[in-house]
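Enquirer: Structure below; questions to follow.
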Amino acid sequence: QSSFINRPALGCMPPEDYVQKLSDTLLSVAPKGLKQVQTMSCGSCSNENAFKAACIWYRNKERGNAIHTKEELDSCMVNKLIFVHVSAGCLTATHSKAVHKLDIPAFDWPIAPFPILKYPLEEFVKENAQEEARCLEEVEDLIVKFRKKGRNVAAVIVEPIQSEGGDNHATDDFFRKLRNIAKKHGCAFLCDEVQTGGGATGKFWAHEHWGLDDPADIVTFSKKLLSGGYFYKDELRPDMAYRIFNTWLGDPSKNLMFSEVLNVIRREKLLDNVIESGKVLLQGLKDLQILYPHILSRARGKGTFCSIDAPNDAIRNKLVLQMRNKGIVLGGCGEKSIRFRPALIFKPHHAHLFLNVFSDVLAAHK
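Rendered as structure tokens:
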């Protein structure tokens, strides 16, 4: 109860039992190979500080873990080092909505394209393989080009499903090759699971679908895990205190609630439920796009983390509004995509109820 009444400043005075609580909750679902966790309050600060951790690790690796020089300590105060404090890192790495970036300065970081696959996947195997190969080639090309300019890349950052950007998927093979490129060039491989983490894809972490031989170096989280933070490999632990710091560094009350969320997920086998319900939902969306090919296309998804495209944003927005008026909340993402984000307790009969309402709205669409 005291966690709810008196929120501790974890950055300064964490409770003596906090390490054990983290072991019982977050670390019990830690991604493969990641034994460290740093808690945060939200998705943005989770990614911001994960970027900083990657930069710190990379620079320490470059200097051979030698002590920081006086010149480095002095010059960083006036932003003279190539690795600046990542205060706008998330903004720089965001490319989905102009309103988020308008009028605000950002870093000149390399931006590689994410594959835009054609659907149905089984009909475009060759084209999609070429698209993924093109994107991978550009990733490696950018790393090399920036290095030649004296601007080394500390980390490769990727979402398992590019959510805000339009629910864009790629094959497991693409991500395995991307991870290998990062390793080849000495870059940390940072997997942003703020949106995909927590079970909606049928696995607790979406990157578990990829079958990586070498795990991601950093995995960020928030949303379904109620607070935020990132898991990381031992070697990415900062070399000094206060290098990753803010006053709150998360919220113990949210961790307490998350412990009960985990109990329910395990007791009711909700990940199995997500897989079963996701099959019904995705097949239903595929059936609807056959019935209404002039309105819907590119049905896709993992688990219940599904989406479908409308012809344009105007029609997409109208469909979302009409569904809201029927009591069902959908979301828009990218230029023209509709995304579905049901809770883990969403069952097959809920999927059928939703599909019936969506079918009625589509039939009446003019």
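Residue numbers (the numbering used here): 1 to 366.
Each residue gets a CB set at the ideal place from its N, CA and C atoms; glycine is no exception.
Just so we're clear, the structure is a prediction, and the values are computed from it rather than from any experiment.
Just to confirm the assignment: which complete beta strand (DSSP E) runs, minimum length 3, are found wholly within the stretch 140–169?
Expert: Qualifying beta strand (DSSP E) stretches, in chain order: 155–158.
Enquirer: Taking DSSP as the reference, what is the three-state secondary structure of S41?
Expert: Coil, per DSSP.
Enquirer: Any contact of the stretch 337–352 with the stretch 174–181, i.e. 3+ C-beta pairs under 8 Å?
Expert: Counting Cβ pairs under 8 Å, fewer than three are found: no touch.
Enquirer: For H85, count the other beta carbons within 10 Å of its own beta carbon; 16 or more makes it buried, fewer makes it exposed. Which is it?
Expert: Below a pLDDT of 50, predicted positions are generally treated as unreliable, and H85, at 33, falls in that range; the measurement from the model is reported next regardless. The residue is exposed, with fewer than 16 neighbouring Cβ atoms inside 10 Å.
Enquirer: On a Cα-Cα basis, can you pick out the residue from L256, Q162, L136 and H185 that is closest to A155?
Expert: Out of L256, Q162, L136 and H185, H185 has the C-alpha closest to the C-alpha of A155.
Enquirer: Counting Cβ pairs, one atom from each stretch, are 3 or more of them under 8 Å apart for the stretch 326–339 and the stretch 308–317?
Expert: Result yes; three or more Cβ-Cβ pairs closer than 8 Å.
Enquirer: Taking the continuous beta strand (DSSP E) assigned at F358, which residues delimit it?
Expert: Careful: F358 lies outside any beta strand (DSSP E), inside the alpha helix (DSSP H) at P348 to A364.
Enquirer: Measure the alpha-carbon distance for F174 versus S277 and round it to whole angstroms.
Expert: If you take the alpha carbons of F174 and S277, they lie about 26 Å apart.
Enquirer: Can you tell me where the beta strand (DSSP E) holding D192 begins and where it ends?
Expert: A188 to D192 is the extent of the beta strand (DSSP E) around D192.
Enquirer: Exposed or buried, which one is I82 when buried takes at least 16 other CB atoms within 10 Å?
Expert: A caution first: I82 carries a pLDDT of 38, below 50, which makes its placement in the model too unreliable to give a value.
Enquirer: Which same chain residues, not among the five before or five after Y230, have their C-beta less than 6 Å away from its C-beta?
Expert: Q38, S46, A50, I218 and T220, listed in sequence order.
Enquirer: I'd like to know whether the C-beta atoms of E131 and I116 end up nearer to each other than 8 Å.
Expert: Yes, Cβ-Cβ distance for E131 and I116 is below 8 Å.
Enquirer: List the DSSP bridge partners of I308.
Expert: Note: I308 sits in a beta bridge opposite I338.
Enquirer: With a CB to CB cut of under 7 Å and the five nearest residues on each side skipped, what residues in its chain are close to E335?
Expert: For E335, where only same-chain residues beyond five positions count, the Cβ hits under 7 Å are G166 and D313.
Enquirer: Hey, how far is the Cα of A170 from the Cα of I161?
Expert: Cα to Cα, A170 sits roughly 8 Å from I161.
Enquirer: Going by DSSP, which residues form a beta bridge with Y232?
Expert: Note: Y232 sits in a beta bridge opposite Q36 and I218.
Enquirer: How big is the Cα-Cα spacing for D239 and I157?
Expert: So the alpha carbons of these two residues sit roughly 22 Å apart.
Enquirer: Closer than 7 Å by C-beta to R237: which residues in its own chain qualify, once you throw out the five before and the five after it? Chain order, please.
Expert: So the list reads Q36, once near-sequence residues are dropped.
Enquirer: Quick check on the burial criterion: 16 or more other C-beta atoms within 10 angstroms. Buried or exposed for H395?
Expert: Outside the shown range of the chain (1 to 366) lies residue 395, about which nothing can therefore be said.
Enquirer: Rounded to the nearest angstrom, what separates G202 and K118 at their Cα positions?
Expert: Between G202 and K118, the C-alpha separation is close to 23 Å.
Enquirer: So the beta strand (DSSP E) R300 belongs to, where does it begin and stop?
Expert: S297 to K302 is the extent of the beta strand (DSSP E) around R300.
Enquirer: For G43, which residues of its own chain have a beta-carbon under 6 Å away from its beta-carbon, when the five flanking residues on both sides are left out?
Expert: Once the five neighbours on either side are set aside, the close Cβ partners of G43 are V194, S222 and G228.
Enquirer: Beta-carbon within less than 6 Å of T196's beta-carbon, same chain only, minus the 5 sequence neighbours each way: which residues are those?
Expert: Counting only Cβ-Cβ distances below 6 Å, and skipping sequence neighbours, we find P160, I161 and A206.
Enquirer: Under three-state DSSP, which class holds G332?
Expert: In this structure, G332 counts as strand in the three-state DSSP scheme.
Enquirer: Express the C-alpha separation of C187 and F146 in angstroms, rounding to a whole number.
Expert: One C-alpha to the other measures close to 13 Å.
Enquirer: Beta-carbon within less than 7 Å of G284's beta-carbon, same chain only, minus the 5 sequence neighbours each way: which residues are those?
Expert: These residues qualify, in order along the chain: A351 and L355.
Enquirer: Compute the Euclidean distance between the alpha carbons of M148 and F245, then round it to the nearest angstrom.
Expert: It should be noted that the sequence gives Lys, not Met, for residue 148. The alpha-carbon atoms of K148 and F245 are separated by roughly 33 Å.
Enquirer: With DSSP run on the structure shown, which of helix, strand or coil describes C12?
Expert: Residue state, collapsed to three classes: coil.
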